[in-house]
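FYI, the numbering for the sequence shown is 73 to 272, going by my numbering. Built from N, CA and C at the ideal position, the CB exists for glycine as well. Since this is a predicted model, take the numbers as computed values, not measurements.
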Amino acid sequence: MGIERADKDASRDRAAAVPGASAVARGPRGRLDQPRTPRRKLLPDYDPEAFARLSERIARFLGTGRFIVWMTLTIIVWVLWNIFAPPAVRFDEYPFIFLTLALSLQASYAAPLILLAQNRQDDRDRVTQEQERKQNERSIADTEYLTREIASLRMGLGEVATRDWIRSELQDLVRELAEQQAPPRIEPGRRRDESDRPEH
């Protein structure tokens with residue numbers, strides 16, 4: 073009993089010594105073995121990759137001739153309708169303020185989408201360049217290794233006897249052996265001279 077009371081007093085003293093420690097211990101972050109409750113976000117959650125793919129698709133469409141043709145036809149129909157249609161059904165009179173506003177809105181959305189698609193393409197290009205750089209480094213290393221191997225083979229072949237050299241050496245040896253095994257030739261006139269020579 074006394075030990076438990078002493079432990080409670082010591083924990084109370086520590087909590088009092090550290091400001092805000094008791095609030096942390098009693099708060100939702102007091103237990104480390106339990107996950108924190110997720111806080112509500114004001115902005116809705118979205119997948120950045122899906123949004124980037126969509127923006128890239130829109131930017132690709134904006135850069136095609138089909139978009140330019142459709143936009144041109146839309147503007148022509150808009151202008152002709154608001155000029156030649158009956159005044160009761162016209163929705164944008166001559167200065168065409170609503171058309172200018174629509175085109176400005178389209179341009180203000182198209183520019184960030186194009187920039188986002190360009191950033192995504194830059195990221196892909198950076199990854200591709202990094203892979204190509206590593207591939208080039210491996211190719212250079214392989215080429216240097218093969219160059220060293222070819223040089224060592226050439227140096228080794230310089231010390232190896234070739235077939236022609238061995239053949240010429242064997243022919244020289246056969247010639248020398250033939251000369252050594254052949255009996256010495258004595259001319260007939262010289263043999264008579266040696267037999268006629270008087271003995272002393």
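- Task: Give the DSSP-derived three-state secondary structure of Thr-146 in the structure shown.
- Result: helix
- Would you tell me roughly how many angstroms separate the C-alpha atoms of Leu-145 and Phe-139, rounded to the nearest one? 10 Å
- Query: Does DSSP put Gln-253 in a helix, in a strand, or in coil?
  - Reply: helix
- CB contact flag (Leu-134, Ile-169, <8 Å): no
- Item | Supposed close pair Leu-54, Ile-155 - CB separation, criterion 8 Å | Examination of residue 54 is not possible in this model, given that the chain is present from 73 through 272 alone.
- Item | Reference Phe-123, options Arg-192, Ser-180, Arg-226, Thr-109, closest by Cα | Arg-192
- Query: Taking the Cβ atom as the reference point for each residue, do Glu-128 and Ala-189 lie within a distance shorter than 8 Å?
  - Reply: yes
- Item | Secondary structure of Tyr-181, DSSP reduced to three states | helix
- Ala-131: first and last residue of the uninterrupted alpha helix (DSSP H) it sits in: 120-134
- Task: Might you give, ordered along the chain, the residues of its own chain that have their beta carbon closer than 6 Å to the beta carbon of Leu-242, omitting 5 neighbours on each side?
- Result: none
- Can you tell me the Cα-Cα spacing of Leu-177 and Ala-160, whole angstroms? 26 Å
- Task: Identify whether Ala-223 lies in helix, strand or coil by the three-state DSSP scheme.
- Result: helix
- Task: Go through its chain and collect everything with a Cβ distance to Ser-180's Cβ below 8 Å, but skip five positions before and after it.
- Result: none
- Message: Residues in the same chain with beta-carbon distance under 8 Å from Thr-136, minus the five sequence neighbours each way, listed in chain order, please.
- Response: none
- Message: So, with DSSP's three-state summary, where would you put Ala-160?
- Response: coil
- Shortest alpha-carbon distance to Arg-162 belongs to which of Val-149, Ile-130, Leu-173? Val-149
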